[in-house]
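Line by line, the protein sequences are chains V and Z.
Heads up: the first sequence begins at 1 in UniProt numbering, then just goes up one per residue.
Heads up: the second sequence begins at 1 in UniProt numbering, then just goes up one per residue.
Following: one structure in structure tokens, then a few remarks.
2 protein chains.
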Amino acid sequence: MRDPVSFHLVRGLPSIREGDDLASMIRERLPIRDGDVVCIASTVLSKAEGRSRILEDYAPSAMAASIAEGIGKDPRFVEAVLEESREVLIDSPFLLVATNFGHVGVNAGIDRSNVGEGKILLLPEDPMASADRIRTGLDRDAAVIVTDTCGRAFRCGVTGVAIGWSGIGALRDWRGERDLEGRVLEITLEAIVDEIAGMANFLMGEGGDGTPVVVVRGLEYPRSGGRIFRPRELDVIRDRLQEE
Amino acid sequence: MRDPVSFHLVRGLPSIREGDDLASMIRERLPIRDGDVVCIASTVLSKAEGRSRILEDYAPSAMAASIAEGIGKDPRFVEAVLEESREVLIDSPFLLVATNFGHVGVNAGIDRSNVGEGKILLLPEDPMASADRIRTGLDRDAAVIVTDTCGRAFRCGVTGVAIGWSGIGALRDWRGERDLEGRVLEITLEAIVDEIAGMANFLMGEGGDGTPVVVVRGLEYPRSGGRIFRPRELDVIRDRLQEE
Chain V
1 MRDPVSFHLV
11 RGLPSIREGD
21 DLASMIRERL
31 PIRDGDVVCI
41 ASTVLSKAEG
51 RSRILEDYAP
61 SAMAASIAEG
71 IGKDPRFVEA
81 VLEESREVLI
91 DSPFLLVATN
101 FGHVGVNAGI
111 DRSNVGEGKI
121 LLLPEDPMAS
131 ADRIRTGLDR
141 DAAVIVTDTC
151 GRAFRCGVTG
161 VAIGWSGIGA
171 LRDWRGERDL
181 EGRVLEITLE
191 AIVDEIAGMA
201 NFLMGEGGDG
211 TPVVVVRGLE
221 YPRSGGRIFR
231 PRELDVIRDR
241 LQEE
Chain Z
1 MRDPVSFHLV
11 RGLPSIREGD
21 DLASMIRERL
31 PIRDGDVVCI
41 ASTVLSKAEG
51 RSRILEDYAP
61 SAMAASIAEG
71 IGKDPRFVEA
81 VLEESREVLI
91 DSPFLLVATN
101 FGHVGVNAGI
111 DRSNVGEGKI
121 LLLPEDPMAS
131 ADRIRTGLDR
141 DAAVIVTDTC
151 GRAFRCGVTG
161 VAIGWSGIGA
171 LRDWRGERDL
181 EGRVLEITLE
191 AIVDEIAGMA
201 NFLMGEGGDG
211 TPVVVVRGLE
221 YPRSGGRIFR
231 PRELDVIRDR
241 LQEE
């Protein structure tokens with residue numbers, strides 16, 4: 001590992017609108033180098049990709065209405081969540097779903113901040129594809145991570161996680177590596193895109209002075225490999241949640 | 001936020017033994033400044049605190065023997081896990097517990113790497129107290145985070161998390177903050193010690209060339225506030241796991 005590893009905020013980005021060329025806007029403000037890891041908040045990608053929706057346009061299904069009553073949310077909002085989801089894991093006291101692209105999160109990650117009254121912002125439709133597009137636009141041998149914030153089981157507070165990535169492996173594979181004593185390591189797969197996304201999220205901030213793009217410089221990382229969204233058949237906790 | 005934020009590896013630490021003065025060993029290798037966040041892998045704290053145990057010394061209870069059979073582990077190892085735990089959340093196909101100090105993790109975070117054949121390494125008995133002691137020893141207005149690696153629900157791979165901290169607030173509180181449009185933010189509490197711990201863990205590495213101390217420089221962070229281990233009464237997922 002080169003040392004030190006540094007995190008750079010991309011300052012001065014304007015409010016993002018549909019159709020904006022984010023990759024160019026980033027490059028104009030911070031020239032990207034080979035090996036950089038460019039972390040982008042999903043919100044600005046969603047805006048650039050036109051994923052803002054008007055709440056009034058949703059017609060709630062009976063299921064949406066029923067869940068909405070249970071958790072005290074707007075039924076149109078719940079309808080939007082269900083349309084973005086392929087599976088409901090918990091429907092009360094909060095709505096935990098697996099999105100159409102496989103990410104498990106409360107309210108399918110739909111955001112009501114920073115988009116104006118009566119509007120919502122969906123997550124990018126396919127964050128892996130979004131990351132690929134940005135990476136191509138950066139025109140360097142760099143990596144891209146799309147971040148979102150997410151709650152966790154057993155622990156308080158939200159953290160940043162990766163919901164899309166390109167040019168970097170999701171997992172670092174320690175299988176076969178040995179410890180100081182020569183024993184094979186028990187820990188085998190490390191979710192490095194989440195570890196990077198968390199720190200980037202810390203630096204982005206959430207409020208009106210948020211900086212939605214953070215560049216990590218000096219990291220050594222695998223260029224490919226691994227998946228983050230746990231397949232159903234390997235998800236013990238999801239099974240138990242749905243057993244009842 | 002000052003910019004850039006940098007992560008520095010503390011290189012050249014020897015293999016840690018019981019009684020070692022970790023704070024001095026760190027300061028000798030990297031002079032700590034006010035405002036630094038010093039991240040320390042729990043393994044080296046455990047070694048310094050004499051938390052290595054001999055597997056043969058554990059006499060498995062009937063419960064330990066039964067769980068061990070179900071998951072194909074050494075019953076003495078399971079006994080060690082149970083003695084470090086106050087609650088079992090899942091006992092098959094893996095053993096997920098809440099440790100005596102409140103952290104939820106597989107096998108109570110007991111490590112069999114880097115400690116020699118027939119030995120195990122328990123987590124520090126009270127990682128918050130460990131963090132306080134190191135912080136005092138650093139003799140600067142710095143923060144300390146004790147890291148461990150942990151699996152997650154719904155997502156593949158492990159990440160670094162904080163199991164103890166001192167001189168930094170666990171959670172950044174966004175309550176009352178407003179977004180770009182002036183609306184009150186929905187995200188209210190951000191687990192910043194976990195976000196930092198994850199990135200530090202990435203840089204530490206796991207194998208024989210691991211570097212167990214990483215210093216973060218240039219961060220702005222709250223000096224106090226918040227808790228990480230979710231209280232039982234607010235833990236919907238834990239409730240559901242134990243309902244069956």
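We treat Cβ as the ideally placed atom computed from N, Cα and C, and that holds for glycine.
Query, Result
"Any C-beta of chain V under 8 Å from that of residue 39 of chain Z", "no"
"Beta bridge counterpart(s) of residue 161 of chain Z as assigned by DSSP", "Z:148"
"Chain Z contact residues for residue 235 of chain V, given Cβ-Cβ distances below 7 Å", "154"
"Exposed unless 16 or more other CB atoms sit within 10 angstroms - verdict on residue 159 of chain V", "buried"
"Candidates V:64, V:243, V:21, V:164, of which the one nearest residue 192 of chain V by Cα", "V:164"
"Identified DSSP bridge partners for residue 119 of chain V", "V:54"
"Burial state of residue 110 of chain Z, where buried means 16 or more other Cβ atoms lie within 10 Å", "buried"
"The segment 35-45 of chain V contacting the segment 3-22 of chain V, beta-carbon criterion three pairs below 8 Å", "yes"
"Check whether residue 134 of chain V and residue 22 of chain V have beta carbons under 8 Å apart", "yes"
"Beta-carbon neighbours of residue 93 of chain V, restricted to chain Z and to distances below 9 Å", "236"
"Buried versus exposed call for residue 33 of chain Z [16 or more other C-beta atoms within 10 Å across all chains shown]", "exposed"
"Contact set for residue 100 of chain V: own chain, Cβ-Cβ below 7 Å, skip 5 residues either direction", "84, 85, 86"
"Residue-chain proximity (residue 81 of chain Z, chain V), Cβ-Cβ < 8 Å", "no"
"Partner residues on chain V for residue 199 of chain Z, Cβ-Cβ distance less than 8 Å", "195, 196, 198, 199"
"Under 7 Å by beta carbon: chain Z residues contacting residue 4 of chain V", "6, 7, 8"
"Length of the line joining the Cα atoms of residue 3 of chain Z and residue 57 of chain V", "42 Å"
"Nearest-angstrom Cα separation, counted from residue 124 of chain V out to residue 130 of chain V", "7 Å"
"Euclidean distance between Cα positions of residue 143 of chain Z and residue 167 of chain Z", "4 Å"
"Where the alpha helix (DSSP H) containing residue 66 of chain V begins and where it ends", "62-71"
"Residue 214 of chain Z beta carbon less than 8 Å from that of residue 39 of chain Z", "yes"
"C-beta neighbour in chain Z for residue 247 of chain V, strict 8 Å", "The question about residue 247 of chain V has no answer here: the residues shown for chain V are numbered 1 through 244."
"Collapsed DSSP secondary structure at residue 46 of chain V in the structure displayed", "helix"
"Residue ranges of each beta strand (DSSP E) within the segment 198-239 of chain V, 3 or longer", "213-217"
"Neighbouring residues, chain Z, relative to residue 88 of chain V (Cβ below 7 Å)", "By Cβ distance, chain Z contributes nothing, its closest Cβ being about 13 Å from residue 88 of chain V, past 7 Å."
"Beta carbon of residue 7 of chain V nearer than 8 Å to that of residue 5 of chain Z", "yes"
"Residue span of the alpha helix (DSSP H) that contains residue 86 of chain Z, given as start and end", "Counting along the chain, residue 86 of chain Z falls outside any alpha helix (DSSP H), though it belongs to the beta strand (DSSP E) covering 85-90."
"Span separating the alpha-carbon of residue 218 of chain Z from that of residue 37 of chain Z", "9 Å"
"is_contact[residue 190 of chain Z, chain V] using C-beta, thresh 8 Å", "yes"
"Beta carbon proximity, residue 55 of chain Z to chain V, threshold 8 Å", "no"
"First and last residue of the uninterrupted alpha helix (DSSP H) at residue 26 of chain V", "22-29"
"The segment 128-162 of chain Z: positions lying closer than 8 Å to chain V by Cβ", "149, 152, 153, 154, 155, 156, 157, 158, 159, 160, 161"
"Contact set between residue 230 of chain V and chain Z, taken where Cβ atoms lie within less than 7 Å", "154, 155, 156"
"Interface flag, residue 203 of chain V vs chain Z, CB-CB below 8 Å", "yes"
"Extent of the continuous alpha helix (DSSP H) to which residue 137 of chain V belongs", "127-138"
"Burial state of residue 249 of chain Z, where buried means 16 or more other Cβ atoms lie within 10 Å", "Chain Z is shown only over 1 to 244; residue 249 of chain Z falls outside these bounds and no answer can be derived."
"Residues bridged to residue 99 of chain V [DSSP beta-bridge criterion]", "V:85"
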